[in-house]
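Student: Below is a structure I'd like to ask you about.
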Amino acid sequence: MAAMTEDSLRVLMLPWLGYGHISPFLELAKKLSCRNFYIYFCSTPVNLTSIQNKLSATHLSCIQLVELNLAASPQLPPHCHTTNGLPSHLHPKLFQAFHNSKPEFSNILETLKPDLVIYDSHQTWVSEVSSSHHIPAVYFHSSSATSKSFFYYAFKNRGSGLPFPSSVVSLRQAEIQKMIAAAPVDAAKTTEDDDPFLSCIAKSCGFMMIKSCNDIEEKYLNYMSILTNKKVVPVGVLTYDEEENEEAEHDIEMMKWLDSKEKGSTVYVCFGSETFLSKKETEELAFGLEISGVNFIWVIRFPGEAGKSKIEEVLPEGFVDRVKGRGIIVEDWAPQDKILRHSSAGGFVSHCGWSSVTESLSHGVPIIGIPMNFDQPLNCRMVVELGAGMEIEKDMNLEFQRTEVARVIKEVVDGDSRVRKKATELSENIKKNEEEALSAAVEELKKICTKI
1143 MAAMTEDSLR VLMLPWLGYG HISPFLELAK KLSCRNFYIY FCSTPVNLTS
1193 IQNKLSATHL SCIQLVELNL AASPQLPPHC HTTNGLPSHL HPKLFQAFHN
1243 SKPEFSNILE TLKPDLVIYD SHQTWVSEVS SSHHIPAVYF HSSSATSKSF
1293 FYYAFKNRGS GLPFPSSVVS LRQAEIQKMI AAAPVDAAKT TEDDDPFLSC
1343 IAKSCGFMMI KSCNDIEEKY LNYMSILTNK KVVPVGVLTY DEEENEEAEH
1393 DIEMMKWLDS KEKGSTVYVC FGSETFLSKK ETEELAFGLE ISGVNFIWVI
1443 RFPGEAGKSK IEEVLPEGFV DRVKGRGIIV EDWAPQDKIL RHSSAGGFVS
1493 HCGWSSVTES LSHGVPIIGI PMNFDQPLNC RMVVELGAGM EIEKDMNLEF
1543 QRTEVARVIK EVVDGDSRVR KKATELSENI KKNEEEALSA AVEELKKICT
1593 KI
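If you're matching positions, the sequence shown starts at 1143 in our numbering and goes up one per residue.
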């Protein structure tokens, strides 16, 4: 890996301001930087500060962090220019502030003059501003082809004669209502002209990229290409390699604890960086883990100011003592990649955010899904359809019960081996084909860069 040379292709990458978007963009940036691309990674100062420690000195020689300064307001000061810890009622304001940064972004393009821009969902304006500078822009979708094609079909092409290719992958009415209520933009818009959710595909130059692979989503990648009349290029699952970082002392202790457990006997429980359980959900999950009798590592996070709460306050009384020896409860963060790589990992109790799904499957760990919102139910049901996981069923109020939690965990870890076998098979294929997929994407990017 070398610094920018005369023949390096200069790419500016602009993800949405949430960690679930920034992380896959950053991993793609690292992959491209190894293939003679010089990357300008653009985000708000607060986000850039949070990712600096994820870049080695070698990476920083060919990945330059570029500040995008949003207009500050009393409700949205600079330290709030991220979705991390941002109260939900301020998300629309952040979305609008990001949209209003077009002049600032235009100045950045004028100064840096990249060969190519790679942009994110809900950012049609990025393509438009790039075009005004005669710079091609390519859309990179960091969620699943399954969810993107489902939403495109539901909003744009229902009744077109091109049916969605699955009866398993669908949304319940209560899930649709929950998603619309939480959306930062008007989810009722349905045309490419006025809905950035759809037009970001249409305005991508030549093709679009997606964080996925044929081993997991081949039929949905093909369907999406036909549905959108746009070439869809998978770049692989872009799993984050935590081996680059030094191990903290508590990480070492956790790995020693895992070493003491039998192969496939432990579940990892985590709901991502921006999905938080209610007290009732936390209690039901705790009782489910207890009833299952399975070993576990559980990462618990709290939103915003609630992060000052103590774990003991949200867990059932006496729970920590009752699971001592077979359960570890961690606040805020755990070395997820290392845990999922470990031979004792036998399941991942997950909200089914796309990065969590792909990371788990790339390591051959079955998914135990408790999807919460947005694309998560679709991702979960696609994994179930694949045969690489199971979903913890909820009632008509979208609430899950402890007995169901225990049943599914035990079934995945101790029961039907077909789920575990399928996850292992997928892992082997993903690793075998990942370099080929990324190389194909690189060639597509080179074709449209102004230097080629």
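Here a beta-carbon is modelled for each residue, glycine too, at the ideal position from N, C-alpha and C. Note that the structure is a prediction, hence the values are computed from the model and not measured.
Out of curiosity, what's the CA-to-CA distance linking Glu1252 and His1276?
Tutor: For Glu1252 and His1276, the gap between their C-alpha atoms comes out near 11 Å.
Student: Relative to the C-alpha of Ser1198, which residue among Glu1169, Pro1220, Leu1212 and Arg1177 is closest?
Tutor: Glu1169
Student: Helix, strand or coil for Glu1465, going by three-state DSSP, please let me know.
Tutor: For the record, residue 1465 in the displayed sequence is Val; it is not Glu. Correct three-state label for Val1465: coil.
Student: What do you reckon, are the CB atoms on Leu1258 and Val1153 nearer than 8 Å?
Tutor: yes
Student: If we ignore side chains and look at the alpha-carbon of each, how far apart do Phe1413 and Val1462 end up?
Tutor: Between the alpha carbons of Phe1413 and Val1462 lies a distance of about 20 Å.
Student: Considering Cα atoms alone, identify which of Cys1347, Gln1217 and Leu1236 is closest to Ser1272.
Tutor: Cys1347
Student: For a test of the three-state rule: what should DSSP assign to Ala1448, helix, strand or coil?
Tutor: Confidence in Ala1448 is poor, its pLDDT being 49 and thus under 50, which makes the residue's placement unreliable; the coordinate value appears in the next sentence. In the structure shown, Ala1448 sits in a helix (DSSP, three-state: H, G or I).
Student: Please classify Val1554: does DSSP put it in a helix, a strand, or coil?
Tutor: helix
Student: Just how far apart, CA to CA, sit Val1465 and Glu1432?
Tutor: 7 Å
Student: Apply the 10 Å Cβ neighbour rule to Ser1289 and answer buried if 16 or more other Cβ atoms are within range, or exposed otherwise.
Tutor: buried
Student: With C-beta atoms as the reference, is Ile1551 less than 8 Å away from Ile1510?
Tutor: Closer than 8 Å, so yes.
Student: Flag this pair as yes or no: are the beta carbons of Val1561 and Ala1582 separated by less than 8 Å?
Tutor: no
Student: Measure the CB-CB distance between Trp1496 and Ser1192 and report whether it falls below 8 Å.
Tutor: Taking 8 Å as the Cβ cut-off, Trp1496 and Ser1192 do not qualify as a contacting pair.
Student: Identify, in the order they occur along the chain, each residue of the same chain with its Cβ nearer than 6 Å to the Cβ of Gly1489, setting aside the five sequence neighbours on each side.
Tutor: Val1409, Pro1508, Ile1510, Val1554 and Val1555
Student: Determine the direct distance from the alpha carbon of Leu1363 to that of Lys1353, and round the result to whole angstroms.
Tutor: 11 Å
Student: On the CB-based measure, 16 or more other CB atoms within 10 Å of its CB, does Ala1214 come out buried or exposed?
Tutor: exposed
Student: If I follow the unbroken alpha helix (DSSP H) through Arg1523, where does it start and stop?
Tutor: Gln1518 to Leu1528
Student: Beta strand (DSSP E) containing Phe1240: first to last residue?
Tutor: Counting along the chain, Phe1240 falls outside any beta strand (DSSP E), though it belongs to the alpha helix (DSSP H) covering His1233 to His1241.
Student: Excluding five sequence neighbours on each side, which residues of the same chain lie with their C-beta closer than 6 Å to the C-beta of Phe1282?
Tutor: These residues qualify, in order along the chain: Ile1260 and Met1351.
Student: Can you have a look at Ala1448 and say buried or exposed, based on whether 16 or more other CB atoms are within 10 angstroms of its CB?
Tutor: Residue placement at Ala1448 is poorly supported in this model, since its pLDDT is 49, which falls under 50; the coordinates still yield a value, given next. Exposed is the call here.
Student: Report the three-state DSSP secondary structure of His1596 (helix, strand or coil).
Tutor: The structure shown does not extend to residue 1596, since the chain is modelled only from 1143 through 1594, so no value can be given for it.
Student: Rounded to a whole number of angstroms, what is the C-alpha to C-alpha distance between Leu1212 and Phe1247?
Tutor: Spanning the alpha carbons of Leu1212 and Phe1247 requires a straight line of approximately 10 Å.
Student: Would DSSP call Trp1158 helix, strand or coil?
Tutor: coil
Student: Less than 7 Å between C-beta atoms, sequence neighbours within five positions excluded: which residues of the same chain meet that for Ile1453?
Tutor: Ile1442, Ile1471 and Glu1473
Student: Leaving out five residues on either side along the sequence, give the residues of the same chain with a beta carbon under 6 Å from the beta carbon of Phe1167.
Tutor: Met1155 and Pro1157
Student: What's the C-alpha gap between Gly1160 and Trp1440?
Tutor: 23 Å
Student: Measure the beta-carbon distance from Tyr1182 to Gln1217 and round it to whole angstroms, keeping in mind my assumption that it falls under 8 Å.
Tutor: Between Gln1217 and Tyr1182 the Cβ distance is about 29 Å, and since that is not below 8 Å, they are no contact.
Student: For Glu1501, count neighbouring C-beta atoms within 10 Å of its own C-beta (all shown protein chains included) and say buried if the count is 16 or more, exposed if not.
Tutor: buried
Student: Asp1262: buried (16+ other C-beta within 10 angstroms of its C-beta) or exposed?
Tutor: buried
Student: Going straight from the alpha carbon of Phe1349 to that of Leu1228, what length do you get?
Tutor: 33 Å
Student: What's the C-alpha gap between Ala1296 and Asp1558?
Tutor: 34 Å
Student: Helix, strand or coil: which one does DSSP assign to Gly1531?
Tutor: Under the three-state reduction of DSSP, Gly1531 is assigned to strand.
Student: Does Tyr1261 come out as helix, strand or coil in the three-state DSSP assignment?
Tutor: In the structure shown, Tyr1261 falls within a strand segment according to DSSP collapsed to helix, strand and coil.
Student: Give me the Cα-Cα distance between Phe1429 and Val1436, rounded to the nearest whole angstrom.
Tutor: 12 Å
Student: Going by alpha carbons, who is nearest to Gly1469 out of Glu1586, Ser1434 and Ser1492?
Tutor: Ser1434
Student: Can you give the beta carbon distance from Glu1416 to Asn1226, rounded, assuming they're within the 8 Å contact cut?
Tutor: 7 Å
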